[in-house]
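K.L.:
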Amino acid sequence: MQITISNHSKEPIYEQITTQIKSLILTGELAEGAALPSIRKLAKDLQISVITTKRAYEELEKAGFIYSIVGKGSFVAEQNLEVMREKKLKVIEEQLGAVVTNGKELGLSFDELQQLLKFLYEE
Numbered sequence: 290m291q292i293t294i295s296n297h298s299k300e301p302i303y304e305q306i307t308t309q310i311k312s313l314i315l316t317g318e319l320a321e322g323a324a325l326p327s328i329r330k331l332a333k334d335l336q337i338s339v340i341t342t343k344r345a346y347e348e349l350e351k352a353g354f355i356y357s358i359v360g361k362g363s364f365v366a367e368q369n370l371e372v373m374r375e376k377k378l379k380v381i382e383e384q385l386g387a388v389v390t391n392g393k394e395l396g397l398s399f400d401e402l403q404q405l406l407k408f409l410y411e412e
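Each residue of the sequence shown is one higher than the last, beginning at 290 in our numbering.
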């Protein structure tokens, strides 16, 4: 499992971890039932605090992406991919709505917004 932490990101480290693990689960790179590294091992590998990795795992567990068994570790939970996809689509729609609003405020045309989206997508 490859996780990259950016010290330049405005996003807290625990959120960077949760976002990346969620992505690995949603894309199928981490399959249902797959064991995650222990909190201590992940902290050591990423050279961060155990408290930070613990918080990331707690957030993932609250959101239903993983489950933990005392003494055994944390594992990828069964996912209803269709429900997860719908949730992600809703978030994208909200974000794009904000982009459209900001674009209109700046006087950008639809074509200019479309070109910017295409540029970012292909990046």
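Here a beta-carbon is modelled for each residue, glycine too, at the ideal position from N, C-alpha and C.
Should the region 364-382 be regarded as contacting the region 302-315, the criterion being three or more beta carbon pairs within less than 8 Å?
P.N.:
Touching, per the Cβ criterion.
K.L.:
Quick one: any contact between the region 368-388 and the region 330-338, if contact means 3 or more CB pairs under 8 Å?
P.N.:
No, they do not touch.
K.L.:
Compare the C-alpha of GLN291 against each of LYS343, GLU300, VAL339, THR308 and name the closest.
P.N.:
Checking every option, the nearest Cα to that of GLN291 belongs to THR308.
K.L.:
When you compare only the Cα positions, how much space is there between ARG329 and LEU402?
P.N.:
Looking at the two C-alpha atoms, the distance is approximately 44 Å.
K.L.:
Return the CA-CA distance between SER398 and ASN391, expressed in angstroms with no decimal places.
P.N.:
Their Cα atoms are separated by approximately 11 Å.
K.L.:
What residue from THR341, GLU321, LEU385 has the CA that sits closest to TYR356's CA?
P.N.:
Ranking THR341, GLU321, LEU385 by Cα distance to TYR356 puts GLU321 first.
K.L.:
Taking ILE358 as part of the beta strand (DSSP E), name the residues at either end of that continuous run.
P.N.:
That run of the beta strand (DSSP E) goes 355-358.
K.L.:
Using three-state DSSP, classify ALA387 as helix, strand or coil.
P.N.:
Looking at ALA387 - three-state DSSP - the assignment turns out to be helix.
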